[in-house]
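See structure below.
Chains as they are written, first to last, in the numbering used here: chain A, 1 to 257; chain B, 258 to 566.
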């Protein structure tokens, strides 16, 4: 059994009086290193809020998030990112004034971004290496032809790929993807699926929030189901598919539609 | 002919000088996404620092308390430090503010400094100001004073443009752009948004301080009236006029605005009344120009067209 890379320990989040995540007892689950974890649940179950709590965009009301032994309670989002947590957003976020290539290059932790380095002028050699790495990552997500394009010209699916590429160039220890298939056409979905399976095979740890259960249950190796901000069930995809509670809360509604 | 040459020299001198401010504002706002409505304060800090460091110790009717009688270059360096120190002081508590809140706070800081200079006579004789500010002797170079100071302003502008250009062309500039575009996404790739914004704010204020020193040398006078909010708005209009985000645009916009004002001033009016009307008309036309550019944003539209092409 591999060690737990990410631990969510009795986390709650309240907005005013509203219990968004964790109810009274708090939400707890852990992500062992090398796992491909699917995080599912009906609309409003608190999936994206959970992501925001892990990545530091939001702070838990109580409880702790621990990444690789580090307590993230007081860490800023940028610090959490530099500890090795990568994430994408439900609505893709790109930097519109940068080209596709620059959008990926800016993702790397770069010593060339300090004032001292600008004064010394020694960043150019590193920049070439970074450009090669970014180009390779863009090839991997299938954006080679878009490399010098502005992001305004990308489709919704391509923007999602760009976000993945921007995180991959950082070599994160754990990658959180928020609904990567939303608004993505089927051919791109198939490609995304292959990329995720490859990343998993390389030993990377992935957590994926997804509405598209068909997509997720095929490729994830374990699943956590949330409902009303609380843990409803967890297990392997086949266990989840057979779980009565999950079918009632989620799949049942889907099938009825 | 001689008049035209003189006007051209004045435009070059003040155009270059104020271009330094526009370039700094361009870095802060167009690239860093920070609205600084207190630009004049950093300019004033530089000018006063220069005057205080270079002037003789107080005697006679002087109300100021400090005069170090140091050489001009020491005053010039002190001016850069003074503007930087003021940026530290004002940037630290305010830079977490966004948009119009930052604009209001920086404006308030500038008004506070102005009020301090007016009321605290120990700094620079209050409203009277510091006259006969020391300056290097231009005659050593065997050229006219105007030519030397125009050249100095031009050099300062070139140096500022070069330094900022180099900064923005580096990975540092790319990170700054990313932060302006989307702070949340920038945080998600490990960019320390607060640190970078603060750095940009402080760095961009240094040349404004140098420009303040040069301004004090040119006018040989510093007093609070010279450093009113009008200077800030002048620089903002110049930036909007020239179009954001390009170094050349900032310079062209400033030169155009200074040129426009100098030409109006050079018209030989028959009466005081006519001159008054012209002065008022100048302000009105400048204001109208600003509104037209803001309302229809011709430059932004051009940039959009280029982007989507």
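The beta carbon of each residue, even a glycine, is placed where N, CA and C say it ideally should be.
Because the structure is a prediction, the values reported are computed rather than measured.
| query | result |
| --- | --- |
| What does residue 161(A) touch in chain B if you count any residue whose Cβ is under 8 Å from its own? | Ordered by position in chain B, no residue passes the 8 Å Cβ test against residue 161(A), which lies about 15 Å from the chain. |
| Under a three-way DSSP split, which group does residue 146(A) fall into? | helix |
| Check distances from the C-beta atoms of the segment 454-477 of chain B to those of chain A and list, in chain order, the residues that come in under 7 Å. | 456 |
| If you follow the beta strand (DSSP E) that residue 227(A) is part of, which residue opens it and which one closes it? | 222-227 |
| Tell me which same chain residues have a C-beta within less than 8 Å of the C-beta of residue 95(A), skipping the five on either side of it? | 102, 103, 106, 151 |
| For a contact defined as C-beta to C-beta under 8 Å, what are the partners of residue 87(A) on chain B? | 445 |
| Please report the distance separating the alpha-carbon of residue 45(A) from that of residue 83(A). | 27 Å |
| Hey, residue 489(B) and residue 275(B): beta-carbon distance below 8 Å or not? | no |
| Have a look at 459(B), 539(B), 365(B) and flag the residue whose alpha-carbon is nearest the alpha-carbon of residue 289(B). | 459(B) |
| Closer than 8 Å, Cβ to any Cβ of chain A: which residues of the segment 268-293 of chain B, in chain order? | none |
| With burial defined as no fewer than 16 other Cβ atoms inside 10 Å of the residue's Cβ, what is the status of residue 257(A): buried or exposed? | Note that residue 257(A) scores a pLDDT of 37, beneath 50, so its modelled location is shaky and nothing firm can be said. |
| Do three or more CB pairs link the segment 502-513 of chain B to the segment 277-287 of chain B at distances below 8 Å? | yes |
| Measure the alpha-carbon distance for residue 233(A) versus residue 361(B) and round it to whole angstroms. | 51 Å |
| Measure the beta-carbon distance from residue 118(A) to residue 429(B) and round it to whole angstroms, keeping in mind my assumption that it falls under 8 Å. | 5 Å |
| Report the option in 271(B), 297(B), 262(B) whose CA atom is closest to the CA atom of residue 463(B). | 297(B) |
| So what does DSSP say about residue 15(A), is it helix, strand or coil? | strand |
| First and last residue of the alpha helix (DSSP H) that includes residue 362(B)? | 356-376 |
| Could you tell me whether the Cβ of residue 257(A) comes closer than 8 Å to any Cβ of chain B? | Model confidence at residue 257(A) stands at a pLDDT of 37, short of 50, so the residue's coordinates are unreliable and nothing is read from them. |
| Could you check whether the segment 269-283 of chain B touches the segment 461-476 of chain B, counting it as contact only if at least three pairs of C-beta atoms, one from each stretch, sit closer than 8 Å? | yes |
| Can you find the residues in the same chain that come closer than 8 Å, C-beta to C-beta, to residue 148(A), ignoring five residues on each side of it along the sequence? | 99, 100, 101 |
| Just curious, the beta strand (DSSP E) that residue 62(A) is in, first and last residue? | 62-67 |
| Report the residue ranges of all alpha helix (DSSP H) runs contained in full by the segment 80-130 of chain A; include only those spanning at least 4 residues, in chain order. | 100-105, 115-120 |
| In whole angstroms, what is the alpha-carbon distance linking residue 566(B) and residue 392(B)? | Confidence is the limiting factor: at residue 566(B) the pLDDT is only 43, short of 50, which leaves the residue's position unreliable, though a coordinate-based value still follows. So the two alpha carbons sit approximately 52 Å from each other. |
| With 8 Å set as the bound, which would you pick, yes or no: does the beta-carbon of residue 115(A) sit closer than that to a beta-carbon of chain D? | Among the chains of the structure shown, chain D does not appear; the protein chains present are A and B. |
| Report yes if the CB atom of residue 272(A) is closer than 8 Å to the CB atom of residue 205(A), and no otherwise. | The structure shown does not extend to residue 272(A), since chain A is modelled only from 1 through 257, so no value can be given for it. |
| Are the segment 111-131 of chain A and the segment 418-427 of chain B touching, with three or more C-beta to C-beta distances below 8 Å? | yes |
| In whole angstroms, what is the alpha-carbon distance linking residue 467(B) and residue 417(B)? | 10 Å |
| Does DSSP put residue 540(B) in a helix, in a strand, or in coil? | helix |
| Out of 350(B), 511(B), 269(B), 382(B), which has the shortest C-alpha to C-alpha gap to residue 321(B)? | 382(B) |
| What is the DSSP secondary structure of residue 436(B), reduced to helix, strand or coil? | helix |
| From the DSSP output, in three-state form, read off residue 548(B) for me. | helix |
| Is the segment 126-146 of chain A touching the segment 63-79 of chain A in the sense that three or more CB pairs, one from each, lie closer than 8 Å? | no |
| Specify the secondary structure class of residue 42(A) as computed by DSSP and reduced to three states. | coil |
| What does a CB cutoff of less than 7 Å around residue 219(A) pick up in its chain, not counting 5 residues either side in sequence? | 36, 193, 196, 197 |
| Looking only at its chain, what residues have a beta carbon closer than 6 Å to the beta carbon of residue 224(A), apart from the 5 residues adjacent to it on each side? | 29, 39, 234 |
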